[in-house]
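Q: Letter by letter, the sequence shown follows residues -4 to 135 in the numbering used here.
Ideal Cβ placement from N, Cα and C applies to all residues, glycine included.
All figures in this text were calculated on a predicted structure; none of them were measured in a lab.
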Amino acid sequence: MKAKHKNTFIGRLPHNEDLLGALTDVCKKKNIQLGTISVIGAVSNVVLGYYDQDKRTYGESVRLTEKMEIVSCSGNISLKDDEIFVHAHVSVADSRGICYGGHLMNGTIVFAAEYHITELDGKLLIRKPDNQTGLNLWSE
Ligand code: ZN
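#1: Confirm the yes/no value for this check: CB of histidine 111, any heavy atom of the ligand ZN, distance under 7 Å.
#2: Counting by C-beta, which residues lie closer than 6 Å to a heavy atom of the ligand ZN, in chain order?
#3: Where do the N-terminal and C-terminal ends of the beta strand (DSSP E) with threonine 31 fall, by residue?
#4: Using three-state DSSP, classify aspartate 13 as helix, strand or coil.
#5: Enumerate in chain order the residues of its own chain whose CB-to-CB distance from tryptophan 133 is below 6 Å, with the five nearest sequence positions on each side excluded.
#6: Is it buried or exposed for histidine 98, if we count other Cβ within 10 angstroms and need 16 for buried?
#7: With a threshold of 6 Å on Cβ separation, who are the neighbours of serine 86 within its own chain once the five nearest residues in sequence on each side are excluded?
#8: Which two residues bound the contiguous beta strand (DSSP E) that contains leucine 120?
#9: Ends of the beta strand (DSSP E) at alanine 83?
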């Protein structure tokens, strides 16, 4: 699918907010329905998920209460059940540089985070249940 660049938003997420929730709030407030997300910063708690492809279930793979760096957090914005939906993956590093990664879940708390969101102009992507994978995927 082809999409054009529409807007770029850059800013800071609030301290002590849930990372995924705060990103979703930014997108909803600015009504960004299609786009990409990038975040760097630091978090004080981390909850990551892993999709078990055999069991077809999402589980919590990592739960940390350490202060961590966000090495990378990238994601996308589309629609699910008529709502703006953020899907993001994250790599975080501890004080020794050891990294953990996975699907960003609620419970990852912002210490400081800087986002860069690219809003795209194109056909909206809608997540629907996919029989092959058991995931909510785009139709194209
Ligand atoms: Zn994911």
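A: To lay it out plainly:
#1: Here residue 111 refers to the residue found at position 116 when the sequence shown is read from its first residue. No, Cβ of histidine 111 sits at least 7 Å from all heavy atoms of the ligand ZN.
#2: Listed by chain position, these are His82, His84 and His98.
#3: On the sequence shown, position 36 is the one that residue 31 refers to. 30 to 47 is the span of the beta strand (DSSP E), which, as asked, contains threonine 31.
#4: Position 18 of the sequence shown, counted from the start, is the residue given in the question as residue 13. Strand, per DSSP.
#5: For the purposes of this step, residue 133 is identified with residue 138 of the sequence shown, where counting begins at 1. Around tryptophan 133: Leu120.
#6: Position 103 of the sequence shown, counted from the start, is the residue given in the question as residue 98. Looking at its Cβ environment, which holds 16 or more other Cβ atoms inside 10 Å, histidine 98 is buried.
#7: Working through the sequence shown from its first residue, we reach residue 86 at position 91. Once the five neighbours on either side are set aside, the close Cβ partners of serine 86 are Val66, Ser67, Cys94 and Gly96.
#8: Counted from its first residue, the sequence shown places residue 120 at position 125. No beta strand (DSSP E) contains leucine 120, which DSSP labels as neither H nor E.
#9: Taking the sequence shown and counting its residues from 1, one reaches residue 83 at position 88. Start and end: 78 to 88.
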